[in-house]
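Numbering (the working numbering), first residue to last: 74 to 132. Think of the CB as a built atom: it goes at the ideal place given N, C-alpha and C, for glycine as much as any other residue. No experiment lies behind these values; they were computed from the predicted model shown. Report on the following structure.
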Amino acid sequence: MPTFGYHAHISVFGAVNVHDGDTVLHQAEAANATTFLGFLRRLKERHPNRIMALVLEGR
């Protein structure tokens with residue numbers, strides 16, 4: 074994703090459905106507990122009543 078400005082950055086949380094390739098992306102200005110919970114809420118809204126396995130990787 075393009076960013077503008079010197080040392081500009083964005084944080085992106087994402088998920089991929091391994092069965093059909095469907096993706097869910099959540100863009101935020103920072104990666105923290107609040108924005109991660111927003112991503113989890115978006116996943117739940119998109120796939121209500123589904124059991125999900127999450128694999129987390131971070132720096």
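Inter-residue spacing [alpha-carbon to alpha-carbon] between residue i and residue j
i	j	result
Thr107	Arg114	11 Å
Ala81	Asn105	17 Å
Gly87	Val97	6 Å
Val85	Phe109	10 Å
Arg123	Asn90	12 Å
Asp95	Lys117	14 Å
Integer Cβ distance of residue i from residue j, believed to fall under 8 Å
i	j	result
His120	Phe112	His120 to Phe112, Cβ: 13 Å. No contact.
Cross-strand partners of residue i (DSSP beta bridge)
i	result
Phe86	His99
Cβ-heavy atom distance, residue i to the ligand NAD, below 7 Å
i	result
Pro121	Absence of the ligand NAD is noted for the structure shown, with no ligands found whatsoever.
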